[in-house]
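**Student:** One structure follows; several queries about it will come next.
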Amino acid sequence: MNYAITEAQQALRQEMENALGASPAPGLSISSREKLLPSLKALAETSYAKTIVKEKYDRISVMLAQKSMAVKSPSLALGLMAGMTIPSRLLAAYASEELKKKYLSPLLEGCASAAVAVSEAGMNIENGSLTTSATVAGEDAWTLQGTKNYVWNAPLADFFLVAAETEQGPAWFLLERDTAGLEIGSADETLGFQGCAMGSLTINNCQVDNDLVIGPCSNRNSLTALRKWQNEALISIALGLIERCYITALSYAKQHKSGGRPIISYQEIGFKLAEIMTLDQTAQLLAMKASWAQETNSRDTDALLGCAKVFCCEAAEKTASECLQIMGGAGYVKDNLVAESFQDAKYLTIAGVSSEISRMMIADAVLEMY
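The C-terminal position of the sequence shown is numbered 651 in this note's numbering, with every residue numbered one higher than the one before it.
Here is the structure:
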């Protein structure tokens, strides 16, 4: 495989930087509709929006574009991917043409935001049943009942894609914000990613027409695809977080003096920066190889994506910690970019498929291959 960045890939990354800004920004918030919609509109004006909904798309281009968002701000990246990218992919892959026209088009035009509601207490969507349930209500409707937790963009979304279990298998139900029986919780206070909004949904006997349902399906393919898209997004955020921490700590080490000389001249600091660069380069290469494996339908695709999720997210956590150590008190104060990233990084290892479950899935994939 060729690890060189092509002109097309570089062009998309440059589009993203032009639209959203390239310089890292601490404290950037899109936790209100007034702040979110302009960013969605800016994203919609790039070719990124059209790229992500193609049946076959250049995964490395998308990864680099999403990394650019995260270098600017991990909260910006997570908010935009939760509110636009992942819902758009789900609709593009599984929705009817009528639903695409009604819901996908506004997303891609930056005129609306969405949220995907899957997470439930104690649930593993790869092999566990959803406790949110849907039962037939007459010939042309369903009744939906359940609770969804940890839904990114929930407080801001115009509509929701809610996963629920039916007698025929899992299905997706489109609920608009003002649907009767839908209660949207206020934004949760989170340790990291405070620049975007996460909340819960309580669904009390919501009536959903048949034409607002994707499925039901006898398999769990859409849930599996969702997890892959989430992991790809989290890998990209991890890469961006590593870079923004590294360039901040490197700049500080060159300028800050101790004992009359820049601290970068001390071996202990040099070793830390060398370790961070090693993690950064390895994470990028592994992420690219996982993307390449998916595009070529390699037999080790699932294992490589799991490896990339584990390594990149844990590398981001370690990088943020080491950069905070390099900067000392300057990195610990509120609103500092490294302090913010230190809080964000932990979430990456528990979101999507957690590091622990990812390792189990990697082991299972290896057993199937050999």
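We put the beta carbon where it would ideally sit given N, CA and C, even for glycine.
Since the model is a prediction, treat every value here as computed from it, not as a measurement.
List the residues that DSSP assigns as beta-bridge partners of Phe454.
**Tutor:** Paired residues: Val443 and Val494.
**Student:** By how many angstroms is the C-alpha of Ala363 removed from the C-alpha of Val634?
**Tutor:** Computed Cα separation, rounded: 16 angstroms.
**Student:** Within a Cβ cutoff of 8 angstroms, which residues of the same chain sit near Glu296, ignoring the five residues on either side of it in sequence?
**Tutor:** Cβ within range, chain order: Thr327, Ser328, Tyr329 and Ala346.
**Student:** Looking at Pro436 and Ala237, is the spacing between their C-beta atoms short of 8 angstroms?
**Tutor:** Nothing can be reported for residue 237, as the shown portion of the chain is limited to 282 through 651.
**Student:** Please report the distance separating the alpha-carbon of Lys606 from that of Ser622.
**Tutor:** Sequence check: residue 606 is Gln here, not Lys. Gln606 and Ser622: Cα-Cα distance of roughly 13 angstroms.
**Student:** How big is the Cα-Cα spacing for Ser377 and Glu603?
**Tutor:** Between Ser377 and Glu603, the C-alpha separation is close to 48 angstroms.
**Student:** Return the Cβ separation of Leu385 and Ala373 in integer angstroms, given the expectation that the two are a contact with Cβ distance under 8 angstroms.
**Tutor:** So it is a contact: roughly 6 angstroms between Cβ atoms.
**Student:** Which runs of the alpha helix (DSSP H), 4 residues or longer, sit entirely within the stretch 350-404?
**Tutor:** As far as the stretch 350-404 is concerned, its whole alpha helix (DSSP H) runs of at least 4 residues are 355-361, 367-375 and 386-389.
**Student:** Rounded to the nearest angstrom, what separates Met558 and Cys526 at their Cα positions?
**Tutor:** Computed Cα separation, rounded: 11 angstroms.
**Student:** DSSP three-state call for Gln426: helix, strand or coil?
**Tutor:** In the structure shown, Gln426 sits in a strand (DSSP, three-state: E or B).
**Student:** Using CA coordinates, which residue listed in Asp421, Thr413 and Gly610 is at the minimum distance from Val443?
**Tutor:** Among Asp421, Thr413 and Gly610, the Cα nearest to that of Val443 belongs to Thr413.
**Student:** Which residues share a DSSP beta bridge with Ser304?
**Tutor:** For Ser304, which the question treats as bridged, DSSP gives no partner whatsoever.
**Student:** State the beta-bridge partners of Val343 as determined by DSSP.
**Tutor:** DSSP output for Val343 lists no bridge partner at all.
**Student:** In terms of DSSP beta bridges, what is Ala415 paired with?
**Tutor:** Answer is Leu425, bridged to Ala415.
**Student:** To the nearest angstrom, report how far apart Ser325 and Pro387 are at their CA atoms.
**Tutor:** It should be noted that the sequence gives Ala, not Ser, for residue 325. Their backbone Cα atoms lie some 10 angstroms apart in a straight line.
**Student:** Quick one: Cα of Ser471 to Cα of Ala422, how far?
**Tutor:** First, the amino acid is wrong: residue 471 is Thr here, not Ser. Approximately 36 angstroms, taken between the alpha carbons.
**Student:** Can you find the residues in the same chain that come closer than 7 angstroms, C-beta to C-beta, to Leu317, ignoring five residues on each side of it along the sequence?
**Tutor:** Excluding residues within five positions, the ones whose Cβ falls inside 7 angstroms are Ile311, Gly360, Gly364, Ser394 and Leu437.
**Student:** Considering only the beta carbon of each residue, do Leu309 and Gly391 sit closer than 8 angstroms?
**Tutor:** Not in contact: Leu309 and Gly391 (Cβ atoms no closer than 8 angstroms).
**Student:** Going along the chain, which residues of its own chain have a beta-carbon closer than 7 angstroms to the beta-carbon of Arg370, five neighbours each way excluded?
**Tutor:** Cβ neighbours of Arg370 beyond the five flanking positions: Ile333, Val334 and Trp510.
**Student:** For Leu515, which option in Gly587, Ser400 and Val619 has the closest C-alpha, if you only look at C-alpha atoms?
**Tutor:** Answer by Cα proximity: Gly587.
**Student:** From Ala534 to Lys429, what does the alpha carbon distance come to, in whole angstroms?
**Tutor:** Each residue's Cα considered, the two are about 44 angstroms apart.
**Student:** Any heavy atom of the ligand FMN inside 7 angstroms of the beta-carbon of Gly541?
**Tutor:** With respect to the ligand FMN, the structure shown offers nothing to examine, as it has no ligands at all.
**Student:** Rounded to whole angstroms, how far is the Cβ of Ala571 from the Cβ of Leu520, which I believe are closer than 8 angstroms?
**Tutor:** The Cβ separation is near 12 angstroms, so there is no contact.
**Student:** Would the beta-carbon of Ala461 fall within 8 angstroms of that of Val494?
**Tutor:** Not in contact: Ala461 and Val494 (Cβ atoms no closer than 8 angstroms).
**Student:** Please list, in chain order, all residues of the same chain as Val619 whose beta carbon is under 7 angstroms from its beta carbon, the five residues on each side excluded.
**Tutor:** Around Val619: Cys526, Thr529, Ala530, Ala601, Cys604, Leu605, Met608 and Gly612.
**Student:** Determine the DSSP secondary structure at Glu448, reduced to helix, strand or coil.
**Tutor:** Here Glu448 sits in coil by DSSP.
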